[in-house]
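*Asks:* Sharing a structure, written as structure tokens. Questions coming.
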Amino acid sequence: MTCDRCENIVAYTRRYSGEKLCLQCFSKSIARKTAKTISRYNMIKRNELVAVAVSGGKDSLALLKVIDEMASVHSFRIKAVTIDEGIPGYRDEALGIVEEFCSKLGVEHGVYSYKDLFEMTLDEALDLRENKTSSCSICGTLRRRAIDHAARDIGADVIATGHNLDDVLQTFLINMLSGDTAKIGWMSPDTTGTLRRIKPFCEIYESELVYYAFINDIPFQSEPCPHMNEGIRTEIREFLNSLEGRHSGVKNSLYQSVLRVSQAVKSSSIKQKTRCKRCGNECTSSVCSVCSVISGLKGNQT
Ligand code: SF4
Ligand code: ZN
Ligand code: ZN
């Protein structure tokens, strides 16, 4: 069978659209789809510096490759930043992979650690927690701040992360299930502000990025994070995958709902931004979430 776009042999069938593509056309389709998402939401402007947050997982390395190819043609610059949470055995492997991949592409790369920024590694923070807050919830709050810091440090205008369509849907359902509707308002693409956060892969299925990484020889981190199965995310991932298996395209439809719901929540709950009285960062209450987490943990220190 031949590819829908050229004379090559078909390697991939896109179930939700019925498209049949060869290896080259599949890779081009991922790059094109990413470019369309970037331009639809005006994610990157001319001459801007984009900080690409690269963890060492397939999504962020694939993003670095796609966005690096795009940067030269579309007149913007990129630099890679990696956050070292301090998870022994896991992050060390990732750091090696990222370093090598960045030097292969010729992309400048910096590493920022929780230890330097918050005076504790993630493992030290988790030892201090007394309640049932999940590891990923603490880690996510700290990582967001660490990436902001890294981006400001390199003078970036935009932060690009490798979150894919599945990640966005999972986060949406987690927020719904935990009753955290305010966070849903932050989920629509960020088009304002001095340091924008963008997710250029937000309309691409995770399974397609796995395939893209595989056929483009993007290195894979073999060691999973030891904390990854503590939260509800893995169960939601399996639930969505099983739905998609039986009802092809359901993830795309849910994504459209996420956009609409998130816009509605955003416009109904615009809170006045203020500055955290402890660290000075922008937030919506007197003490930001990072300072609350850190002071809670330090208060548990003996
Ligand atoms: Fe952090 Fe959770 Fe990701 Fe591990 S799986 S790096 S704890 S957010
Ligand atoms: Zn083709
Ligand atoms: Zn603060």
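Residues 91 to 392 in this note's numbering are what the sequence shown spells out, letter by letter.
Every residue, glycine too, gets a C-beta built ideally from N, C-alpha and C.
The structure displayed is predicted, hence computed values, not measured ones.
Using the three-state DSSP reduction, which class does residue 373 fall into: helix, strand or coil?
*Replies:* One-based indexing of the sequence shown puts residue 373 at position 283. It is a strand residue.
*Asks:* Give the DSSP bridge partners of residue 202, in chain order.
*Replies:* Locating residue 202 in the sequence shown gives position 112, counting from the first residue. According to DSSP, residue 202 bridges with 173.
*Asks:* Please classify residue 373 as buried or exposed, where buried requires at least 16 other C-beta atoms within 10 Å of its C-beta.
*Replies:* Locating residue 373 in the sequence shown gives position 283, counting from the first residue. With 16 or more other Cβ atoms inside 10 Å of its own Cβ, residue 373 counts as buried.
*Asks:* List in chain order the residues whose CB is within less than 7 Å of at least one heavy atom of ligand 2.
*Replies:* 93, 95, 96, 98, 111, 112, 114 and 115
*Asks:* What are the uninterrupted segments assigned as beta strand (DSSP E) that are 3 or more residues long and contained completely in the region 262 to 321, given in chain order?
*Replies:* 286 to 288, all fully within the region 262 to 321.
*Asks:* Quick check on residue 329: buried or exposed, where buried means 16 or more other Cβ atoms within 10 Å of its Cβ?
*Replies:* Position 239 of the sequence shown, counted from the first residue, corresponds to residue 329. Flag for residue 329 reads exposed.
*Asks:* In the DSSP output, what is residue 167 paired with across the bridge?
*Replies:* For the purposes of this step, residue 167 is taken as residue 77 along the sequence shown, with counting starting at 1. Note: residue 167 sits in a beta bridge opposite 139.
*Asks:* Got a list of residues with beta-carbon closer than 7 Å to any non-hydrogen atom of ligand 1, in chain order?
*Replies:* 175, 177, 212, 225, 226, 229, 230, 233, 315, 317 and 318
*Asks:* What is the rounded straight-line gap between the Cα of residue 195 and the Cα of residue 158?
*Replies:* Stepping through the sequence shown from its first residue, residue 195 is reached at position 105. Stepping through the sequence shown from its first residue, residue 158 is reached at position 68. The straight-line gap from Cα to Cα measures roughly 8 Å.
*Asks:* Can you look up residue 99 in the DSSP assignment and give me helix, strand or coil?
*Replies:* Against the sequence shown, residue 99 aligns to sequence position 9. Three-state DSSP puts residue 99 in a strand.
*Asks:* Give me, in chain order, the residues of the same chain whose beta-carbon lies closer than 6 Å to that of residue 303; leave out the 5 immediate sequence neighbours on both sides.
*Replies:* Translated into the one-based positions of the sequence shown, residue 303 becomes position 213. Closer than 6 Å at the Cβ level, and outside the excluded window around residue 303, lie 148 and 152.
*Asks:* Thinking C-alpha only, which one of 256, 99 and 319 is nearest residue 339?
*Replies:* In the sequence shown, counting from the first residue as 1, residue 339 sits at position 249. Nearest of 256, 99 and 319 to residue 339, Cα basis: 256.
*Asks:* Is it true that the CB of residue 247 sits closer than 7 Å to the CB of residue 344?
*Replies:* Translated into positions along the sequence shown, residue 344 becomes position 254. Translated into positions along the sequence shown, residue 247 becomes position 157. Their beta carbons are not under 7 Å apart, which means residue 344 does not touch residue 247 by this criterion.
*Asks:* Helix, strand or coil for residue 197, going by three-state DSSP, please let me know.
*Replies:* Residue 197 sits at position 107 when you count from the first residue of the sequence shown. The answer is coil: DSSP assigns residue 197 none of H, G, I, E or B.
*Asks:* Mapping the DSSP letters down to three states, classify residue 248 as helix, strand or coil.
*Replies:* In the sequence shown, counting from the first residue as 1, residue 248 sits at position 158. Three-state DSSP puts residue 248 in a strand.
*Asks:* Can you name the residues that DSSP bridges to residue 365?
*Replies:* Taking the sequence shown and counting its residues from 1, the one referred to as residue 365 is at position 275. Partner(s): 372.
*Asks:* Do you know offhand how far residue 226's Cα is from residue 164's?
*Replies:* Residue 226 sits at position 136 when you count from the first residue of the sequence shown. Residue 164 sits at position 74 when you count from the first residue of the sequence shown. One C-alpha to the other measures close to 35 Å.
*Asks:* According to DSSP, is residue 148 helix, strand or coil?
*Replies:* As a position in the sequence shown, residue 148 is number 58, starting the count at 1. Here residue 148 sits in helix by DSSP.
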